[in-house]
Each structure stands twice: as structure tokens, then as C-alpha cells.
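Asks:
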Amino acid sequence: MTMPQTISIDPASLSRRDRLFARVAVFVARRLEKRSPLQIQRVLFRLRRGARPARYGEASRARSVVVRTSWACSGPNGCLPRALATAILCRMWGFWPTWCVGARVTPPFGAHAWVRAEGRDVDEDLPPDYLRVLVEVGPGGR
Numbered sequence: 006m007t008m009p010q011t012i013s014i015d016p017a018s019l020s021r022r023d024r025l026f027a028r029v030a031v032f033v034a035r036r037l038e039k040r041s042p043l044q045i046q047r048v049l050f051r052l053r054r055g056a057r058p059a060r061y062g063e064a065s066r067a068r069s070v071v072v073r074t075s076w077a078c079s080g081p082n083g084c085l086p087r088a089l090a091t092a093i094l095c096r097m098w099g100f101w102p103t104w105c106v107g108a109r110v111t112p113p114f115g116a117h118a119w120v121r122a123e124g125r126d127v128d129e130d131l132p133p134d135y136l137r138v139l140v141e142v143g144p145g146g147r
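Read in order, the letters of the sequence shown correspond to residues 6 to 147 in this note's numbering.
#1: Report the partner residues of E141 according to the DSSP bridge assignment.
#2: How many whole angstroms separate the CB atoms of E86 and A92, which I take to be in contact at a CB cut-off of 8 Å?
#3: Can you tell me the Cα-Cα spacing of L19 and L89, whole angstroms?
#4: Helix, strand or coil for F100? Go by DSSP, reduced to three states.
#5: Taking the alpha carbon of P133 as the reference point, which residue from T111, G55 and E141 has its own alpha carbon closest?
#6: What three-state label does DSSP hand R121 in the structure shown?
#7: Could you please give the first and the last residue of the uninterrupted alpha helix (DSSP H) stretch that includes P42?
#8: Does D130 come out as helix, strand or coil in the three-state DSSP assignment?
#9: For G69 and A34, I'd like the C-alpha separation in whole angstroms.
#10: Of the choices W98, V127 and L139, whose alpha-carbon is the least far from that of L25?
#11: Could you compute how far the alpha carbon of V48 sits from the alpha carbon of E38?
#12: Between the beta-carbon of P102 and the beta-carbon of A56, is there less than 7 Å?
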């Protein structure tokens, strides 16, 4: 049985600056998602340099801006570009969340990408410990 899903984006509710930054972040994320996991990780390691760790509220705001700006990032299958764009947007704002890729702990297997801040998954409607981290790029040193 399929469930109807409604995806709503609302870029008009954002400032021009936030829309511009989000569009750049989504553009970069959409190009980056086509790369190998190792290449993605290398790029993210470079991007995180000099950024302070993101607070939960900052990462949540960045994720919200990305979701309200991009159809590709707001859909149910948009976890990779959404997580990448969120991390990139956070970096543009001067901080860095922990970018994660992992899988569900319970069968069936399902891969997922998300961001964490202050040790918590940002705006993921999943129970704690539902996802196991396989790759992560956390905040680096200055």
C-alpha cells in the first residue's frame, strides 16, 4: 500500500541572502552526491577546516532552509543531497555539523544520510539508535 506524500517548499518565506546561500549549497551538493564516498569525504574534510562546531539550533535552521528551498532535498529520497547541502550551508555560515552516512539497525537494510549537532540527530523523526553511523565527518580543529 502506498501512502500519499505532500512535499512543500516555500523559498519566498526566506530572506534573499538565505535563498541565495541555500541555492549555492544545493547546487554544490547535487554535484557532490554523484562522486564516490571517498571523494565526498575528502571534500567535506577540506570544507570543515576552520569552522566551529554547529549548535543544534543552527544546524536545524540550515536544514530547514535547505528543505524549504529545494524539491530534491525535501523529498523522501533526498537524504544525501539534503545532508550535504545542510553541511555546506552550515559551513557558509561559519560552523560545521557532523555529517553522517549509515544504515538502519533493523531489517530491511536501508542507507541514510543526515547531520548531527551537539550529539543529536538534527530533525530526524526516528527513534534513538535506529541508525548506525558508517561514515562521519565531524567538526575539525581550527
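Idealized CB from N, CA, C, for every residue including glycine.
Replies: Let me lay it out:
#1: For the purposes of this step, residue 141 is identified with residue 136 of the sequence shown, where counting begins at 1. C105, per the DSSP bridge assignment.
#2: Working through the sequence shown from its first residue, we reach residue 86 at position 81. Working through the sequence shown from its first residue, we reach residue 92 at position 87. Just to set this straight, residue 86 is Pro in the shown sequence, not Glu. Actually they are not in contact, since the Cβ atoms of P86 and A92 sit about 11 Å apart, beyond 8 Å.
#3: Within the sequence shown, numbered from 1, the residue matching residue 19 stands at position 14. Within the sequence shown, numbered from 1, the residue matching residue 89 stands at position 84. The straight-line gap from Cα to Cα measures roughly 20 Å.
#4: By 1-based counting over the sequence shown, the position of residue 100 is 95. In this structure, F100 counts as strand in the three-state DSSP scheme.
#5: Residue mapping note: residue 133 aligns to position 128 of the sequence shown, counting from 1. Nearest of T111, G55 and E141 to P133, Cα basis: T111.
#6: Position 116 of the sequence shown, counted from the start, is the residue given in the question as residue 121. Strand, per DSSP.
#7: Counting from one through the sequence shown, the residue named residue 42 turns up at place 37. Segment P42 to L52, the alpha helix (DSSP H) holding P42.
#8: As a working note, residue 130 is residue 125 in the sequence shown. Coil at D130, not helix or strand.
#9: For this step, residue 69 is matched to residue 64 along the sequence shown. For this step, residue 34 is matched to residue 29 along the sequence shown. Note on identity: in this sequence residue 69 is Ser, with Gly being the wrong assignment. Distance between the alpha carbons of S69 and A34 is about 15 Å.
#10: In the sequence shown, residue 25 corresponds to position 20, counting from 1. The candidate whose alpha carbon is nearest that of L25 is W98.
#11: Working through the sequence shown from its first residue, we reach residue 48 at position 43. Working through the sequence shown from its first residue, we reach residue 38 at position 33. Cα-Cα distance, rounded: 11 Å.
#12: Translated into positions along the sequence shown, residue 102 becomes position 97. Translated into positions along the sequence shown, residue 56 becomes position 51. Not in contact: P102 and A56 (Cβ atoms no closer than 7 Å).
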